[in-house]
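For the sequence shown, position 8 matches number 8 in UniProt numbering, and the numbering has no gaps at all.
Each residue gets a CB set at the ideal place from its N, CA and C atoms; glycine is no exception.
The next block holds one structure in the form of structure tokens; read it before the comments.
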Amino acid sequence: MNIGSGLQVACTQPHRLAATELASRVADEMGVVLGEEVGYQIGGVSMINKNKQKKTRLAYMTEGVLLRQLSMDRQTVLHHYEARTRRKIKISLHDSRRQIKSSLANSTLFSSNHGRF
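Structure, rendered in structure tokens:
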């Protein structure tokens, strides 16, 4: 995987089992060891490499884990794709950039649920 240096892509999954199974499958299909280039982080269990030289580049995780990471990270780009949920997620991020994409035709409903970024 040759993505920008030092970046980690987080892919959220709604359930712990989905995060672990997807990470395992993607690592297998890419021919890499689970926990090196591809890994997962759920609750108190982490199969990611935090070594700066060999940092995990693609990490599957639950939304709760991502929210905890975002609250601690000061330099974050958050990209929501197909953001359709009606619940409000309020995140207090410093120095962050957020981008939301949706295929919702009703922009009024979308903006009332997600606010203006």
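Using 8 Å for Cβ pairs, my map puts Q8 next to T62. What's the rounded Cβ distance? Here residue 8 refers to the residue found at position 8 of the sequence shown. Here residue 62 refers to the residue found at position 62 of the sequence shown. For Q8 against T62, the beta-carbon gap comes to about 16 Å, at or over 8 Å, which does not count as contact.
Is it true that the CB of V65 sits closer than 9 Å to the CB of G43? Taking the sequence shown and counting its residues from 1, the one referred to as residue 43 is at position 43. Taking the sequence shown and counting its residues from 1, the one referred to as residue 65 is at position 65. In this structure, V65 lies closer than 9 Å to G43 by Cβ.
Considering only the beta carbon of each residue, do A23 and L58 sit closer than 9 Å? On the sequence shown, position 23 is the one that residue 23 refers to. On the sequence shown, position 58 is the one that residue 58 refers to. Yes, these two residues count as a Cβ contact at 9 Å.
Where the beta strand (DSSP E) through G39 begins and ends: Residue mapping note: residue 39 aligns to position 39 of the sequence shown, counting from 1. Under the DSSP assignment, G39 falls in the beta strand (DSSP E) whose first and last residues are V38 to I42.
DSSP state of residue 145 mapped onto helix, strand, coil: Only positions 1 to 117 of the chain appear in the structure, and residue 145 is not among them; the question remains open.
Within the continuous alpha helix (DSSP H) that includes residue 159, where are the two ends? In the structure as shown, the chain starts at 1 and stops at 117, and residue 159 therefore has no counterpart that could be examined.
Local conformation of V65 per DSSP, three classes: As a first step, residue 65 must be located in the sequence shown, where it is residue number 65. The three-state secondary structure of V65, taken from DSSP, is helix.
Can you tell me which of L70, M72, C11 and K54 puts its alpha carbon nearest to the alpha carbon of V33? Taking the first residue of the sequence shown as 1, we reach residue 33 at position 33. The option with the nearest alpha carbon to V33 is K54.
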